[in-house]
Amino acid sequence: MDTAAPIGVFDSGMGGLTVLQAIRKALPQERLLYIADSGHAPYGDKSPEYVQQRALTLTRFLLEQGVKALVIASNTTTAAAADLLRSTFPVPIVAVEPALKLAVSSTKTGVVGVLVTVVTSQSTRFAALLERFRQDRTMIVQPAPGLVEQIEAGDLTSATTRALVERYVRPLLTAGADTIVLGSTHYPHLRPLITEIAGPEVLLIDTGEAVAAQLRRVLESRALLNQDQLRGDEQFWTSSDTQLARHVIPLLWGDAVDVQQLPEAFR
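If you read the sequence shown in our numbering, its first letter stands for residue 2, the second for the next number, and so on.
Below is the structure:
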């Protein structure tokens with residue numbers, strides 16, 4: 002495999018940009034390809050079978066682009082399809098999972114809140130993860146329907162978004178949580194609003210840096226790190242309306258970018 006080959010990253014929409022930002026910071030020389038599958042978002046209210054089919058389709062597209070590794074930047078997709086993708090495709094695959102281990106070691110009150118999508122909350126993989134890291138801590142799982150849609154629209158601060166965050170975060174605080182796991186890659190985009198509501202003393206944990214570190218370890222172990230000293234570039238695709246994506250992705254990414262529409266066969 003050519004070490005200069007790109008890394009493919011996909012999510013149900015814009016959420017995985019938080020993971021992409023962490024990868025860019027950790028691996029500045031790598032070429033990055035990102036798919037926002039916004040035409041099928043949110044994955045959180047889809048069946049596992051539906052999510053699996055989208056994951057297979059997007060992975061095939063990225064393999065056609067010659068990627069040397071794949072990152073599943075979606076907790077919902079990890080829960081539904083990570084094992085399937087790893088058994089189907091030969092490239093190394095790094096997947097995100099809610100950062101429960103770090104949360105358990107960080108809490109002082111012994112109460113951890115976990116914000117997740119509905120599909121993640123119901124998955125056997127997530128249940129096993131909870132059981133593995135629960136130890137003697139109280140883990141309060143809070144499904145958060147509606148938040149992904151607000152972020153997909155680029156709406157991070159409106160009264161509607163604030164009301165949803167209040168609805169999902171307030172019960173965690175009432176129960177004594179001093180640590181909240183942002184169990185969807187979309188949710189870190191709402192970090193300022195969540196901090197405003199929860200207070201600065203509540204620790205918010207996401208998985209971007211951990212995923213980037215694991216990706217680096219995988220590339221190193223397979224001698225796939227790009228040795229070029231120049232900064233890598235990024236390419237973006239969407240399965241939805243490009244006009245909306247060309248507005249929202251730069252807003253969340255923090256820089257001007259071009260966004261292409263996925264070919265029809267992969268939409």
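Where is the CB? At the ideal position from N, CA and C, for every residue including glycine.
None of the values given here were measured: they were computed from a predicted structure.
At least 8 Å separates the beta-carbon of Gly16 from that of Ser241. Listed in chain order, the alpha helix (DSSP H) elements of length 4 or more contained wholly in the segment 216 to 264 are 243 to 254. Taking the Cβ atoms as the reference, Thr77 lies roughly 14 Å from Val115, outside the contact range of under 8 Å.
Asp12: member of the beta strand (DSSP E) spanning 8 to 12, first to last residue. Non-local beta-carbon contacts of Ala80 in its own chain, meaning distances under 7 Å to residues more than five positions away in sequence, involve Val120, Thr121, Ser124, Arg126, Phe127 in chain order. Pairing Ala6 with Gly45 gives a Cβ-Cβ distance that is not under 8 Å. Its chain contains Leu34 as the residues whose beta carbon lies nearer than 6 Å to that of Gln236, once the 5 sequence neighbours on both sides are disregarded; these appear in chain order. Between Arg223 and Gly40, the C-beta spacing is not below 8 Å. Where Thr89 is concerned, the enclosing alpha helix (DSSP H) starts and stops at 76 to 89. When only Cα atoms are considered, Gln54 and Asp137 end up about 37 Å apart. The residue from Ile152, Leu245, Thr58, Ala164 with its alpha-carbon nearest to that of Thr89 is Thr58. Per DSSP, Gln54 lies in no beta strand (DSSP E) segment; the continuous alpha helix (DSSP H) that holds it begins and ends at 49 to 65.
Spatial neighbours of Gly147 in its own chain (CB-CB distance under 7 Å, excluding positions within 5 residues in sequence) are listed in chain order as Leu165.
Annotation for Val203: no beta strand (DSSP E) segment contains it, and DSSP assigns it neither H nor E. Within the model, the alpha-carbon separation for Val20 versus Ala211 is close to 9 Å.
The beta carbon of Met2 is closer than 7 Å to those of Lys69, Leu225 in its chain, skipping five residues each way along the sequence. Restricting attention to Thr158, Met140, Trp238, the CA atom closest to the CA of Ser107 is found in Met140. Rounded to the nearest angstrom, the Cβ distance from Thr196 to Val149 is 19 Å, too far for a contact under 8 Å. Here DSSP, grouped into helix, strand and coil, assigns Ala96 to strand. Across the structure, Pro43 and Pro49 are spaced so that their CA atoms are roughly 12 Å apart.
For Leu131, the secondary structure class from DSSP, reduced to helix, strand or coil, is helix. The alpha-carbon of Thr180 is positioned some 13 Å away from that of Arg192. Counted as a single uninterrupted DSSP element, the alpha helix (DSSP H) harbouring Thr121 occupies residues 119 to 123.
The straight-line gap separating the alpha-carbon atoms of Gly209 and Leu253 is approximately 15 Å. Annotated as proximal: Ala104 and Val182, with beta-carbon spacing under 8 Å. Partner residues in the beta bridge of Tyr35, as assigned by DSSP, are Val10, Phe237.
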